[in-house]
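Peer 1: Quick note, the sequences are listed as chains A and B, same order.
Counting in our numbering, the first sequence runs from 1 upward without gaps.
Counting in our numbering, the second sequence runs from 475 upward without gaps.
One structure, pasted below without further comment.
Number of protein chains: 2
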Amino acid sequence: MKQDAAAPRYRQLADEIAGLIGSGALRPGDRLPSVRQTRASRGCSAATVFQAYYLLESRGLIRAAERSGYFVAPKPAPLPTRAEPSGEPQAVAVSELVFQLLGTGGHEIHAPFGSAFPSPALFPLEKLRRALSSGSRHMSPAQLTSQLPGGDDELRHQIARRYLRLGLAIDPEEIVLCNGALEGLNLALQLLTRPGDAVLIESPGFYAALQALERLGLRAIELPTDPAEGADLEALATLIERHRPKACWLMTSFQNPLGGLMPSDKKRALVALLERHDIALIEDDVYAELQHEGPAPLPAKAFETRGAVLHCGSFSKSLAPGYRVGWVAAGRYAPALLRAKLSLSLSGSWPAQAALAQYLQGGEYDRHLRALRRALATQQRAMLAAIERHFPPDTRVTRPSGGYFLWVELPEGHDSLALHAAALAEGISLAPGPMFSARGDFRRCLRLNCGQPWTPPLERALARLGELIRSQRP
Amino acid sequence: MKQDAAAPRYRQLADEIAGLIGSGALRPGDRLPSVRQTRASRGCSAATVFQAYYLLESRGLIRAAERSGYFVAPKPAPLPTRAEPSGEPQAVAVSELVFQLLGTGGHEIHAPFGSAFPSPALFPLEKLRRALSSGSRHMSPAQLTSQLPGGDDELRHQIARRYLRLGLAIDPEEIVLCNGALEGLNLALQLLTRPGDAVLIESPGFYAALQALERLGLRAIELPTDPAEGADLEALATLIERHRPKACWLMTSFQNPLGGLMPSDKKRALVALLERHDIALIEDDVYAELQHEGPAPLPAKAFETRGAVLHCGSFSKSLAPGYRVGWVAAGRYAPALLRAKLSLSLSGSWPAQAALAQYLQGGEYDRHLRALRRALATQQRAMLAAIERHFPPDTRVTRPSGGYFLWVELPEGHDSLALHAAALAEGISLAPGPMFSARGDFRRCLRLNCGQPWTPPLERALARLGELIRSQRP
Chain A
1 MKQDAAAPRY
11 RQLADEIAGL
21 IGSGALRPGD
31 RLPSVRQTRA
41 SRGCSAATVF
51 QAYYLLESRG
61 LIRAAERSGY
71 FVAPKPAPLP
81 TRAEPSGEPQ
91 AVAVSELVFQ
101 LLGTGGHEIH
111 APFGSAFPSP
121 ALFPLEKLRR
131 ALSSGSRHMS
141 PAQLTSQLPG
151 GDDELRHQIA
161 RRYLRLGLAI
171 DPEEIVLCNG
181 ALEGLNLALQ
191 LLTRPGDAVL
201 IESPGFYAAL
211 QALERLGLRA
221 IELPTDPAEG
231 ADLEALATLI
241 ERHRPKACWL
251 MTSFQNPLGG
261 LMPSDKKRAL
271 VALLERHDIA
281 LIEDDVYAEL
291 QHEGPAPLPA
301 KAFETRGAVL
311 HCGSFSKSLA
321 PGYRVGWVAA
331 GRYAPALLRA
341 KLSLSLSGSW
351 PAQAALAQYL
361 QGGEYDRHLR
371 ALRRALATQQ
381 RAMLAAIERH
391 FPPDTRVTRP
401 SGGYFLWVEL
411 PEGHDSLALH
421 AAALAEGISL
431 APGPMFSARG
441 DFRRCLRLNC
451 GQPWTPPLER
461 ALARLGELIR
471 SQRP
Chain B
475 MKQDAAAPRY
485 RQLADEIAGL
495 IGSGALRPGD
505 RLPSVRQTRA
515 SRGCSAATVF
525 QAYYLLESRG
535 LIRAAERSGY
545 FVAPKPAPLP
555 TRAEPSGEPQ
565 AVAVSELVFQ
575 LLGTGGHEIH
585 APFGSAFPSP
595 ALFPLEKLRR
605 ALSSGSRHMS
615 PAQLTSQLPG
625 GDDELRHQIA
635 RRYLRLGLAI
645 DPEEIVLCNG
655 ALEGLNLALQ
665 LLTRPGDAVL
675 IESPGFYAAL
685 QALERLGLRA
695 IELPTDPAEG
705 ADLEALATLI
715 ERHRPKACWL
725 MTSFQNPLGG
735 LMPSDKKRAL
745 VALLERHDIA
755 LIEDDVYAEL
765 QHEGPAPLPA
775 KAFETRGAVL
785 HCGSFSKSLA
795 PGYRVGWVAA
805 GRYAPALLRA
815 KLSLSLSGSW
825 PAQAALAQYL
835 QGGEYDRHLR
845 ALRRALATQQ
855 RAMLAAIERH
865 FPPDTRVTRP
875 SGGYFLWVEL
885 PEGHDSLALH
895 AAALAEGISL
905 APGPMFSARG
915 DFRRCLRLNC
925 GQPWTPPLER
935 ALARLGELIR
945 SQRP
């Protein structure tokens, strides 16, 4: 954990202790100095020490034992192994499997570990309803029939303001509102490619990206992707030289399914590399707002110099699923993307856009996000602990610093497709690894959703999943 | 005008008189028998005679002269000539022109004769707003995150009920809600074709269909299309034999831009012909509810026996533009279309769907439609009369029995593209003929929107358009 002199005092302290744990100087079971000792040795307030310890606890590095202080937590499960895909461009043939696996086979799901969304309980539904009603009063009738393919001006302005807070100057005219980020991603991909072209994607990667490639007759070049830090840039450079891909589609922050966060320096290098080869980046950044702590990560778009990063965002994961409002900040491709949107579906649904504009103007979005991030962090810790309790001891699992997915790698010989079928029959969903691969790899991996508030029924469902896994033991 | 023994008495009478006018037995300027005379000779009530005369007046066939009774109206302008396209499949290259022409070049438009929508003043905006608010209260939070690519169940049910009233039994499961009919049409076309395939379309035809063909790399086979009765079936049969097209995309009722209504018998023959050759029909029926009088026309889908008609409907033209809620009743293609929708944009925007479901449940849609149809009929008459006053005498123009478009054919040598540029500079928009052709034909034609309530400023704008046309005189 890198130390940052500009960080608040408690975070500096936490990072220092995390460093000691990481280096082995502090080992699992070791007792931390008491708050009083630390206060004295550091000359800081008790509050600072408490905050630092709380942060370390929230990262799963230390644990409080009642009345006896803080201890270094047991060593967490190792990260999943990094895939080493062939690097050869290949036709994608996974769509049929994905559609099958997205269905529930008629079973009622009580443990939605396979879901793509956080629990609806985490969203400000009542306030959104009021925004729907008041948003509709603010619209001029003429807006309804004048063709506005780019979408509601106020909402585009609000989105541009949020970019500005990250230090990105994005002209609202560059932003094209879409029916969810998914439509924008699809439009961007179609704009940049012709059938037969090769496109760089992560491995494992988001199944809807794979489906988009398949539908457009594109070939996938799968990149080795680190569970913590994202796509491998050395491999990327080699594969660009070898195959001259037409586009690169990456999730640079809290990647689906791994949850990896590409560090800012690496994002900068990524953009420089792609710009050198004049390859556009489709940056799927729909989890951008869901860091568990600290400031939001910068997107790769922050480092572009040529307008060739198409940054795709969404409110579906952070505020209003079902409203289907996403966008593309499309750089120099904005005029072409606007036309593609116009001829595909004219414009987005106006009431949802007006409601979100209204809600964002109200200024409560950041408060909501803080609560949502805390909830997701808490739920992830709970699910990680439950996996530790119930899954086989040689299970590997990610520990993302944002989003709400865990990627689990079961020991050799396990089969997530069989597990999926068995779990579904008991009302437990999950997303098997082969959904995230161009050719059905990751057979012993699965993605679990920790976007639901943790409850005893979910704990029991995860325990049951553990039993099903053990019963599979080859 | 065919007589129908099941029609109400006044309509029978009106049809009979229309027949006499059509055959030349009654000529322009002839005086009609007085209401008293007709009542006596027919043994019907005065109300019946008045209703019949009113209907004939609304059709533009007779005119009332104050205190002196009813006279046969002057012979209307002849219909535009029927295009005779080559019939050879050809690449489409019109998209760039269409995009240019859809723009306003920065001019503020006060006479939107080029608009694709009726005036927002004709829609029940306040009631829709209330439906937005109450619709959102009726939704369950789980609906927001459970993936419902088909769309809101209640709305699909309401749409199925409306089909049933026409005598069509459509399972709600067959209906896929889309972001406007346009998305559905695009998805259907993509589902049925591969790049290079040939597709049958009307000539002139809807520009978004042309753009869809161009984007997907399809070749267009343009069908000769009658301004009154739609696509030519003999030509269709020949072209099917010759070119083996993969799909057929037609607007069978109130076609855009001609306004033609294919009679039911012809629709039945169309479907039989396509079924014989196993060619799917994409039936773009977004003006279906906008007949100016009488019952709604049956769609071609009513005659299918093999589930190969993909019937595309919408609320954008009849109730709620900007909400972007359309659908496809996709027959045997429904499962595949649902998957295409899922991977393109997951699902439609939920608030708009819930609002429309709520509005339709309220039972006021039919009342609204009656008022809308009356308004469109009145406005069309007003615009036709204004064209007669202000355009050159050898102008040809359609007289559709539904929708809100007139197709105008100017005398030889006129140029609608130049006219468009000149008009736009004065705040008057129009849709030039070349937008409606695969290769930019119909240079002396234009489509005018009569969806705006007729006002003195619009009358002046049309007069000005007439001056611009005359000043073009080659």
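We put the beta carbon where it would ideally sit given N, CA and C, even for glycine.
If you reduce the DSSP assignment to three classes, tell me which class E490(B) lands in.
Peer 2: Correct three-state label for E490(B): helix.
Peer 1: So what does DSSP say about D226(A), is it helix, strand or coil?
Peer 2: Note: D226(A) maps to strand in three-state DSSP.
Peer 1: Kindly list, in the order they appear in chain A, the residues whose Cβ is closer than 9 Å to that of P598(B).
Peer 2: In chain order: nothing, as chain A lies at least about 11 Å away.
Peer 1: Among T726(B), P482(B), A810(B) and P550(B), whose alpha-carbon lies nearest the alpha-carbon of E647(B)?
Peer 2: When only C-alpha atoms are compared, the closest one is A810(B).
Peer 1: Taking the straight line between their C-alpha atoms, what separation do you get for D415(A) and L468(A)?
Peer 2: Each residue's Cα considered, the two are about 11 Å apart.
Peer 1: If we count the other Cβ atoms within 10 Å of its Cβ and call it buried at 16 or more, is Q511(B) buried or exposed?
Peer 2: Looking at its Cβ environment, which holds fewer than 16 other Cβ atoms inside 10 Å, Q511(B) is exposed.
Peer 1: Determine, using beta carbons only, whether G348(A) comes closer than 8 Å to chain B.
Peer 2: Cβ-Cβ to chain B under 8 Å: yes for G348(A).
Peer 1: From the DSSP output, in three-state form, read off F879(B) for me.
Peer 2: DSSP places F879(B) in strand when its eight states are reduced to three.
Peer 1: By alpha-carbon positions, which one of Y207(A), A340(A) and E88(A) ends up nearest to G150(A)?
Peer 2: Measuring from the Cα of G150(A), the nearest candidate turns out to be A340(A).
Peer 1: Return the Cβ separation of A481(A) and V94(A) in integer angstroms, given the expectation that the two are a contact with Cβ distance under 8 Å.
Peer 2: Shown here, chain A extends from 1 to 474; a query on residue 481(A) therefore has no answer.
Peer 1: For L239(A), I'd like the list of residues in its chain whose CB is within less than 6 Å of its CB, leaving aside the five on either flank, ordered along the chain.
Peer 2: Counting only Cβ-Cβ distances below 6 Å, and skipping sequence neighbours, we find G87 and I221.
Peer 1: Excluding the five sequence neighbours on either side, which residues of its own chain have a C-beta within less than 7 Å of the C-beta of L216(A), listed in chain order?
Peer 2: Contacts found: L189, Q190, T193 and P195.
Peer 1: Tell me which same chain residues have a C-beta within less than 8 Å of the C-beta of D504(B), skipping the five on either side of it?
Peer 2: Cβ neighbours of D504(B) beyond the five flanking positions: F545 and V546.
Peer 1: Secondary structure at V799(B), three-state DSSP: helix, strand or coil?
Peer 2: Strand.
Peer 1: Is there a Cβ of chain B sitting closer than 8 Å to that of G180(A), yes or no?
Peer 2: Yes, contact with chain B.
Peer 1: Below 8 Å, how does it come out for the stretch 520 to 538 of chain B and the stretch 482 to 497 of chain B: are there three or more Cβ pairs, yes or no?
Peer 2: The stretch 520 to 538 of chain B is in contact with the stretch 482 to 497 of chain B.
Peer 1: Give the residues of chain A in contact with N949(B), contact being defined as C-beta atoms less than 9 Å apart.
Peer 2: The question about residue 949(B) has no answer, for chain B in this structure spans 475 to 948.
Peer 1: If we ignore side chains and look at the alpha-carbon of each, how far apart do Q291(A) and A269(A) end up?
Peer 2: Spanning the two alpha carbons is a distance of roughly 22 Å.
Peer 1: For the ligand ADP, is there any heavy atom lying closer than 7 Å to the beta carbon of G577(B)?
Peer 2: Among the components of this structure there are no ligands whatsoever, and the ligand ADP is therefore not found.
Peer 1: List the DSSP bridge partners of G543(B).
Peer 2: G543(B) pairs with A539(B).
Peer 1: According to DSSP, which residues form a beta bridge with P432(A)?
Peer 2: L446(A).
Peer 1: Ordered along the chain, which non-local residues of its own chain (more than five positions away) have a Cβ less than 7 Å from that of E531(B)?
Peer 2: Here the set comprises R537 and A538.
Peer 1: Let me check one thing: in DSSP terms, what residues is Q564(B) bridge-paired to?
Peer 2: A694(B), per the DSSP bridge assignment.
Peer 1: Taking the C-alpha atoms as reference points, what is the distance between S821(B) and Q211(A)?
Peer 2: Going by the C-alpha atoms only, they are around 16 Å apart.
Peer 1: Between R137(A) and A774(B), what straight-line distance do the alpha-carbon atoms span, to the nearest angstrom?
Peer 2: When rounded, the distance between both Cα atoms is 39 Å.
Peer 1: Does any CB atom of chain B fall closer than 8 Å to the CB of P351(A)?
Peer 2: Closer than 8 Å: yes.
Peer 1: Is the beta carbon of Y839(B) sitting closer than 8 Å to the one on L891(B)?
Peer 2: Contact flag unset, no.
Peer 1: For the stretch 770 to 798 of chain B, enumerate the residues whose C-beta is nearer than 7 Å to any C-beta of chain A, in chain order.
Peer 2: Going along the stretch 770 to 798 of chain B in chain order, one finds P795, G796, Y797 and R798 with a Cβ nearer than 7 Å to chain A.
Peer 1: In chain order, what residues of the same chain lie with their CB nearer than 6 Å to the CB of G466(A), ignoring the 5 residues before and after it?
Peer 2: Taken in chain order, the residues that qualify are H390 and F391.
Peer 1: Using the beta-carbon count (16 or more within 10 Å), is A431(A) buried or exposed?
Peer 2: Classification of A431(A): buried, given that the 10 Å Cβ count is 16 or more.
Peer 1: Under three-state DSSP, which class holds P456(A)?
Peer 2: Of the three classes helix, strand and coil, the one that applies to P456(A) here is helix, per DSSP.
Peer 1: Using 8 Å as the Cβ pair cut-off and three pairs as the minimum, do the stretch 788 to 807 of chain B and the stretch 573 to 589 of chain B touch?
Peer 2: Output reads no: the stretch 573 to 589 of chain B does not touch the stretch 788 to 807 of chain B.
Peer 1: Please specify which runs of the beta strand (DSSP E), each continuous and at least 3 residues long, are wholly inside the stretch 152 to 187 of chain A, giving them in chain order.
Peer 2: Here the runs fully enclosed are 175 to 179.
Peer 1: What residues from chain B crowd round S429(A), counting only those whose CB sits closer than 7 Å?
Peer 2: Under the 7 Å cutoff, chain B gives no residues; its nearest Cβ is about 11 Å from S429(A).
Peer 1: Helix, strand or coil: how does DSSP classify H292(A) here?
Peer 2: Coil, per DSSP.
Peer 1: Alpha carbons only, please: which of A14(A), N186(A) and R156(A) is nearest the one belonging to A209(A)?
Peer 2: The option with the nearest alpha carbon to A209(A) is N186(A).
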